[in-house]
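Residue numbers (full-length UniProt numbering), protein chains in the order written: chain A, 1 to 336; chain B, 1 to 336.
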DNA sequence: CTGAAAGCGCTAACAA
DNA sequence: TTGTTAGCGCTTTCAG
């Protein structure tokens, strides 16, 4: 079972009555080399007849290219974000005959990082970081090694690196504006405790509130952690306050969106009649609950596609591609 | 930027004052070759000093191995199932220095399939099909080519191929038994229209019902399609029938579980007081709704891990590994 | 326009 | 115990 027939370009050459070089020229469409039509046809026929597939390893050996890029992500990444982005990445790379090698972002020192080792040993030609936390030191290290890479993030890192992200935070203004147009009086915020300096969700909320003349009340701001139960209790705390109950809530992530809805269900509060809810982010579960959850949807697939394009350019040309911002979209469903 | 320092084993050999072969022997721990400790140390030092990483492409060229396996899935696969399985696959492969190359299952003729081309061109050494629909002809083709592969599926395909799946359907008995112990009178079934002959969910339900002395009523069986709205209407049809309303529902997939809960919410039916719900399958969203949804959880990570192990064995030894069935688990949450 | 030949970095006989 | 050497299959000067 372990043997391969292994038709090589030499076989094709012999079959077509030409030299190996000619086969290579034809198959790679090398420009600057003119091939007589009948020769080309003969070679193409031989290829088909022998079912020849160029050995990519041998090819890579010669070209110093593995024709694959590493996609690295944190282990605990939100599945949906990553998968959707990965689809885009995959399609973008596949169009250029590049493949995706999946790596996780876990290491002690950067030198020991899997993606570095993969790069050093020529298993990948470049790297796409998809929602992975990478330190400044790591970036410096990669820059010093001349490793082509691109980052995909929701929030711009603010660093001078090739990066694709989205403008979802700017849509918070539209959400607040929409709330206003619906006659909403008090708007609450529920989201995770900021863990990175560049997480500007709460600030964006505050700015949008100010813009539309709303007052941001401390007691209407929930910052929750990893425990779902705790988050629900905190949100229910908001809602049970008979006097100051908000009539709209901005949930800063899909998980917080779901938990906000859940909290309402637990208290028998009607959505959107009693309280309107909008979540920041995408999920395929927003349509599977009652009521369906309005949200700011991220262009995840396109972000992946763009990242693929950028990393290929970085690999080919060696130049860092400037940061790209792709547009998100405020999708109004039943909950708002 | 495009240049590499490219320390080769030759450099290491020179630095250590030995031959290339010796370096190779030491780094690959070739057995049957004894190396003097001081020589080994000298080489190891040189490796560290020069920061040498063996070129995996050159290595692959020699060994006829790419050290990576293709993971192929249908495009529209459930994200959660796939991602969780992929994690297991990745960890299993990574432990043997194999990497994951992500491929999609889309093609006209099998000869044109991406995974076949990848295999033929030596980009992957084997294939794991994760929840991908593969026809019998495709299997035959792969067998005839001697391609090492393994399939990961929820349902056993019943074909004589290396396969890892789970016994989740057998837990339906436990679910029905649990319903019975809670004094449930009428149990309904809600699930997708069977699209494959080997989808035995409904049969398993019927058998479990019979086993516990329940009658399977035609009017308490909902088979729905792709449209969420339609599915909800069908389920609500069940629930609105005042006389024959079921007091428990088995939802045959995560999506149907969510939609069943949603339907109850839309009608103001209490869970689990009025109707108990259990879903077949895993999802990280079951904890994010009210009430949390009971389910039969699949060992997705372990399935991936096992598949990795099996495909590596198939690659190494060339023999097909027998089908493995991993245990699922009935997890009782608030909805039942 | 096409062919001969060198060589990418590695492994594995075979020699020493 | 270690070194010499011959390729793996491909691309690519350089000749013809």
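Ideal Cβ placement from N, Cα and C applies to all residues, glycine included.
Predicted, not measured: the structure shown is a model, and the values here were computed from it.
With a CB to CB cut of under 8 Å and the five nearest residues on each side skipped, what residues in its chain are close to residue 82 (chain A)? 73, 130, 131
Complete runs of the alpha helix (DSSP H) confined to the region 218-244 of chain A [at least 4 residues]: Counting whole runs of 4 or more residues, the region 218-244 of chain A contains the alpha helix (DSSP H) stretches 228-240.
Exposed or buried, residue 317 (chain A), counting other C-beta atoms within 10 Å across all chains shown (16 or more means buried)? exposed
Residue 278 (chain A) to residue 294 (chain A), Cα distance in whole Å? 5 Å
With DSSP run on the structure shown, which of helix, strand or coil describes residue 42 (chain B)? Residue 42 (chain B): helix per DSSP, three-state reduction.
Beta-carbon of residue 56 (chain A) versus every beta-carbon of chain B: anything under 8 Å? yes
Between which two residues does the alpha helix (DSSP H) carrying residue 169 (chain B) extend? Looking at the DSSP string, residue 169 (chain B) is not in any alpha helix (DSSP H), and its letter there is neither H nor E.
C-beta neighbour in chain B for residue 102 (chain A), strict 8 Å: Interface residue, yes.
What's the C-alpha gap between residue 15 (chain B) and residue 71 (chain B)? 40 Å
Take residue 158 (chain B) and list the residues in its own chain whose beta-carbon comes closer than 8 Å to its own, dropping the five residues that flank it on each side. 198
Using the Cα positions of residue 113 (chain B) and residue 94 (chain B), report the straight-line distance between them to the nearest angstrom. 25 Å
Cα-Cα, which of A:41, A:56, A:24 is closest to residue 49 (chain A)? A:41
What are the boundary residues of the alpha helix (DSSP H) that residue 26 (chain A) is part of? First-last of the alpha helix (DSSP H) with residue 26 (chain A): 20-27.
8 Å Cβ cutoff met for residue 304 (chain B) and residue 89 (chain B): Cβ distance < 8 Å, so residue 304 (chain B) and residue 89 (chain B) count as in contact.
Starting from residue 297 (chain A), follow the beta strand (DSSP E) in both directions and report where the run begins and ends. 294-297
Checking 8 Å against the spacing of the C-beta atoms, do residue 187 (chain B) and residue 172 (chain B) come in under that value? no
Taking 8 Å as the threshold (beta carbon to beta carbon), is residue 133 (chain A) in contact with chain B? no
How should residue 2 (chain A) be labelled, buried or exposed, when 16 other C-beta atoms within 10 angstroms of its C-beta is the threshold for buried? Residue placement at residue 2 (chain A) is flagged as unreliable, the pLDDT there being 39, under the threshold of 50; a coordinate-derived value is accordingly withheld.
Helix, strand or coil, according to DSSP, for residue 130 (chain A) in the structure here? Residue 130 (chain A): strand per DSSP, three-state reduction.
Which partner residues of residue 278 (chain A) appear in the DSSP bridge assignment? Checking the DSSP bridge columns, you'll see residue 278 (chain A) partnered with A:250, A:294.
Measuring alpha carbon to alpha carbon, tell me which of B:147, B:336, B:206, B:235 ends up nearest residue 259 (chain B). B:235
Taking its Cβ as the centre, do 16 or more other Cβ atoms sit within 10 Å of residue 300 (chain A), making it buried, or is it exposed? buried
Just the chain B side, please: which residues come within less than 7 Å of residue 288 (chain A) by C-beta, in chain order? 228, 255, 258, 259, 262
Would you be able to state if there are at least three C-beta pairs under 8 Å between the region 125-145 of chain B and the region 115-130 of chain A? no
Let me know if residue 168 (chain A) comes out buried or exposed under the rule of 16 or more other beta-carbons within 10 Å of its beta-carbon. Looking at its Cβ environment, which holds 16 or more other Cβ atoms inside 10 Å, residue 168 (chain A) is buried.
Flag this pair as yes or no: are the beta carbons of residue 276 (chain A) and residue 336 (chain A) separated by less than 8 Å? yes
Quick check: is the beta carbon of residue 142 (chain A) nearer than 8 Å to any beta carbon in chain B? no
Which residues mark the beginning and the end of the alpha helix (DSSP H) in which residue 187 (chain B) is found? No alpha helix (DSSP H) holds residue 187 (chain B); the beta strand (DSSP E) holding it covers 187-192.
Does the Cβ of residue 261 (chain A) have 16 or more other Cβ atoms within 10 Å, making it buried, or fewer, making it exposed? buried
Assuming residue 92 (chain A) contacts residue 320 (chain A) under a Cβ cut-off of 8 Å, what Cβ separation, rounded to an integer in Å, is found between them? In this structure, residue 92 (chain A) and residue 320 (chain A) do not form a Cβ contact; the two beta carbons are roughly 18 Å apart against a cut-off of 8 Å.
Below 8 Å between beta carbons: does that hold for residue 100 (chain B) and residue 101 (chain A)? yes
For residue 288 (chain B), which three-state DSSP category applies? Note: residue 288 (chain B) maps to coil in three-state DSSP.
Around the C-beta of residue 306 (chain B), are 16 or more other C-beta atoms found within 10 angstroms, so that it is buried, or is it exposed? Per the 10 Å Cβ criterion, buried.
I need the DSSP call for residue 69 (chain B), collapsed to helix, strand or coil. strand
Could you tell me which residues DSSP pairs with residue 151 (chain B) in its beta bridges? B:129, B:163
Which value, in whole angstroms, describes the spacing of the CA atoms of residue 192 (chain B) and residue 251 (chain B)? So the alpha carbons of these two residues sit roughly 9 Å apart.
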